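Numbering (the numbering used here), first residue to last: 399 to 688.
Just so it is clear, CB atoms sit at the ideal spot from N, CA and C, and this is done for glycine as well.
Quick caveat: nothing in here was measured; it's all calculated off a predicted structure.
In structure tokens, the structure reads:
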């Protein structure tokens with residue numbers, strides 16, 4: 399019996415085949431790595447947009463104002479010919495109390511303070527009940543003032559274009575009467591690389607989206623819908639735009655107008671008294687003729 403080994407030709411063929419197999423494995427591995435990095439980068443951007451939209455929806459859906467369930471506090475109806483009642487004096491006293499309040503300019507019919515929302519130079523500030531305490535037994539409630547704004551990055555290391563969408567929140571003493579002080583509040587960047595940013599609000603009467611709160615009826619104190627449009631440049635250098643519509647959780651209904659009810663009741667009584675007086679006059683005239 400003789401033991402024979404591999405010939406040189408067989409060894410060369412084996413090495414050649416093994417080299418081709420290794421090249422294929424390396425190629426597939428390299429493609430998989432590039433695909434993974436590209437998908438991760440794309441997912442990172444998409445996740446950033448989704449998180450920013452979700453954060454805004456959480457705050458706006460819980461936007462708060464007593465005008466969602468009650469009317470503003472108005473001067474009570476005083477019938478013609480009658481002097482100002484105690485209710486009128488009370489109205490003037492309460493109004494004077496709110497005249498210097500920077501956050502809550504007036505109360506509602508139940509005496510609850512009505513907040514003022516603002517939209518100035520792409521900065522949207524509103525009052526919400528979305529706050530959740532981060533520390534146990536901290537002196538915070540679910541009320542908070544929230545501000546969304548666009549800021550230019552100060553210390554950007556890369557050359558990524560665009561600005562930052564930043565969220566600020568004030569949770570301490572939300573019902574204070576002084577003007578909101580954001581100077582000591584640390585902002586949280588919820589999206590980077592924003593190339594375009596626009597927020598508009600739903601006008602229920604005209605059925606259109608508007609860019610100003612002043613054009614809406616009670617727009618600075620009650621909102622029924624917001625549309626947020628955010629543009630950014632993705633990893634491939636393509637500019638993209640995402641548009642979302644949000645609405646508050648408050649159900650829509652028209653609260654009672656106490657003054658209108660009082661006026662209608664006064665008119666009804668006046669008509670009833672006039673009818674009764676006319677009826678009495680006719681009876682008297684009839685009796686006199688007999």
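#### Entry: residue 553 classed as buried or exposed, judged by whether at least 16 other C-beta atoms fall within 10 angstroms
exposed
#### Entry: Pick from 496, 470, 473 that is closest to residue 574, judged by C-alpha positions
When 496, 470, 473 are compared, the shortest CA-CA separation from residue 574 is found for 496.
### Query
beta strand (DSSP E) containing residue 640: first to last residue?
Here the beta strand (DSSP E) through residue 640 covers 637-644.
### Query
Are three or more beta carbon pairs between the stretch 581-595 and the stretch 625-640 nearer than 8 Å?
Touching, yes.
#### Entry: Enclosing beta strand (DSSP E) for residue 524 [first to last residue]
521-526
### Separation of residue 608 from residue 509, as counted between CA atoms
30 Å
### Task
Give a yes or no on contact between the stretch 447-455 and the stretch 617-630, applying the rule of three or more CB pairs nearer than 8 Å.
As far as the Cβ criterion goes, the stretch 447-455 touches the stretch 617-630, which means the pair count is three or higher.
### Task
Could you check which residue in 666, 602, 650 has the C-alpha nearest to that of residue 463?
Nearest option by C-alpha distance: 650.
### Task
Counting only runs of 3+ residues fully inside the stretch 545-621, write out the beta strand (DSSP E) ranges in chain order.
561-568, 586-601, 606-608
### Range covered by the beta strand (DSSP E) that runs through residue 628
624-631
### Task
Would you tell me roughly how many angstroms separate the C-alpha atoms of residue 546 and residue 491, rounded to the nearest one?
35 Å
### Task
Give every residue of the same chain whose Cβ lies closer than 8 Å to the Cβ of residue 655, excluding the five residues on either side of it in the sequence, and list them in chain order.
469
### Task
Please determine, among 563, 538, 580, 526, the residue with the shortest C-alpha to C-alpha distance to residue 629.
563
### Query
How is residue 653 classed by DSSP in three states: helix, strand or coil?
If DSSP states are grouped into helix, strand and coil, residue 653 belongs with coil.
### Secondary structure of residue 373, DSSP reduced to three states
Nothing can be reported for residue 373: it is not among the residues displayed for the chain, which extend from 399 to 688.
### Query
Skipping 5 residues on each side, what residues in its chain have a beta carbon closer than 6 Å to that of residue 540?
527, 529
### Task
Please confirm whether residue 619 and residue 515 have their CB atoms less than 8 Å apart.
yes
### Query
How close, in whole Å, do the beta carbons of residue 500 and residue 538 come, if the pair is a contact with beta carbons under 8 Å?
For residue 500 against residue 538, the beta-carbon gap comes to about 21 Å, at or over 8 Å, which does not count as contact.
### Task
Along the beta strand (DSSP E) that carries residue 518, what are the first and last residues, could you check?
516-518
### Helix, strand or coil at residue 499 [DSSP, three-state]
coil
### Message
In whole angstroms, give me the CA-to-CA distance for residue 644 and residue 617.
### Response
16 Å
#### Entry: Coarse secondary structure for residue 470, derived from DSSP in three states
strand
### Query
Looking at C-alpha atoms only, which residue of 471, 414, 588, 583 is the closest neighbour of residue 443?
588
### Query
According to DSSP, which residues form a beta bridge with residue 512?
504
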